[in-house]
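S.K.:
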Amino acid sequence: MIGPFIIGAGVHLHYLKPGENQWLESTVKNLAIKDGITIAKIATVPNKTPNAFVFGRTSKSATLAVHEGLLTNLNKEKVEGVIAHELGHIKHNDYIVMTVLSALPLIAYIAAQTLFRAGMFSSYSRGKNKEGNAGLALVVLGVISFLVYIITFLSVMRLSRLREHYADAYSAYLTGKPRSLQSGLAKITYGLSIIPQKSTQVRAFYIGDPTMAK
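Quick note: the sequence shown uses this note's numbering, first residue 1, plus one each step.
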């Protein structure tokens, strides 16, 4: 699982001190109290793109990270909708589940690469004998592992989108303002298309993929 320290270093998180951003703190607190959600820490990210994400090892150690671009480009009602969406991920433990499941295609991909290369090396170096047949078997296993990678990757992506829909519904339930999230997501997508971002190790956690919105 990606450690909080690695995430913090990767996006230059700034953890808020009590009273540093009273509106953001009170908004998160009021929404969390409505459904008994625990937020361990709130942080801002010095990034102009409008985005947000949550991460943590357990549901009791969740950190909400909000881009400065979200706070400056969206009005308070839309920001509230986005925050409620992220709280939905905490409520459903999505960030923990998706982090664990995302390891499956990665493991299959590494296995495919390793088996395929080992099989090719064995086949070329030993010729058409028993060792060569063993090399061919490794190549076949590598191909099978790659197919497993494709299947698990697509499955994880499908599940990720499903969890996003659940978080959207939760935001509407928590705020009672479904249109706030809808318009907020539209502005996030528009903002990401204007300010394209390079790939990041935490892209899977974002409400909007910083590398896909163009």
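Heads up, the beta-carbon is just placed ideally off N, CA and C, and yes, glycines get one too.
According to DSSP, residue 42 sits in a beta bridge with which residue or residues?
M.R.: Residue mapping note: residue 42 aligns to position 42 of the sequence shown, counting from 1. For residue 42, which the question treats as bridged, DSSP gives the partners 64.
S.K.: Buried or exposed for residue 100, please, with buried defined as at least 16 other CB atoms from any protein chain shown within 10 angstroms of its CB.
M.R.: By 1-based counting over the sequence shown, the position of residue 100 is 100. Burial call: exposed.
S.K.: State the Cα-Cα distance for the pair residue 146 and residue 165, rounded to the nearest angstrom.
M.R.: Your numbering for residue 146 matches position 146 in the sequence shown. Your numbering for residue 165 matches position 165 in the sequence shown. Near 29 Å, if we compare the C-alpha coordinates of residue 165 and residue 146.
S.K.: Our contact map puts residue 40 next to residue 17 with C-beta atoms below 8 Å; I'd like the distance itself, whole angstroms only.
M.R.: Here the question's residue 40 lines up with position 40 in the sequence shown. Here the question's residue 17 lines up with position 17 in the sequence shown. With a Cβ gap of about 14 Å, residue 40 and residue 17 do not count as contacting.
S.K.: Near residue 29, what residues of its chain come up, given a Cβ to Cβ distance below 8 Å and the 5 sequence neighbours on each side ignored?
M.R.: Translated into positions along the sequence shown, residue 29 becomes position 29. Excluding positions up to five away in sequence, the list reads 39.
S.K.: For residue 138, tell me which candidate among 31, 113, 23, 74 has the shortest Cα-Cα distance.
M.R.: Residue mapping note: residue 138 aligns to position 138 of the sequence shown, counting from 1. Ranking the options by Cα distance to residue 138, first place goes to 113.
S.K.: By Cβ distance, which residues of its chain are closer than 8 Å to residue 25, with the 5 residues on each side in sequence left out?
M.R.: On the sequence shown, position 25 is the one that residue 25 refers to. Hits under 8 Å: 16, 18, 19, 42.
S.K.: Less than 8 Å between the CB atoms is what I'm expecting for residue 77 and residue 52, so what's the real figure, rounded?
M.R.: As a position in the sequence shown, residue 77 is number 77, starting the count at 1. As a position in the sequence shown, residue 52 is number 52, starting the count at 1. Not confirmed; about 15 Å, so no contact.
S.K.: Going by the DSSP bridge assignment, what does residue 14 pair with across the sheet?
M.R.: For the purposes of this step, residue 14 is taken as the residue at position 14 of the sequence shown. In the DSSP output, where bridge partners are listed per residue, residue 14 has 44.
S.K.: Can you tell me the Cα-Cα spacing of residue 159 and residue 173, whole angstroms?
M.R.: Within the sequence shown, the letter at position 159 stands for residue 159. Within the sequence shown, the letter at position 173 stands for residue 173. Cα to Cα, residue 159 sits roughly 21 Å from residue 173.
S.K.: Beta carbon of residue 116, beta carbon of residue 142: below 8 Å?
M.R.: Here residue 116 refers to the residue found at position 116 of the sequence shown. Here residue 142 refers to the residue found at position 142 of the sequence shown. Their beta carbons are under 8 Å apart, which means residue 116 touches residue 142 by this criterion.
S.K.: Using C-beta distances below 6 Å, list every residue in its chain close to residue 93, excluding the 5 sequence neighbours before and after it, in chain order.
M.R.: To locate residue 93, count along the sequence shown from 1; it is residue 93. Here the set comprises 59.
S.K.: For residue 194, which residues in the same chain have their Cβ closer than 7 Å to its Cβ, ignoring the five residues on either side in sequence?
M.R.: Within the sequence shown, numbered from 1, the residue matching residue 194 stands at position 194. Unreliable positioning characterises residue 194 in this predicted model, as indicated by a pLDDT of 48, which lies under 50. The coordinate reading is nonetheless provided below. Excluding residues within five positions, none has a Cβ falling inside 7 Å.
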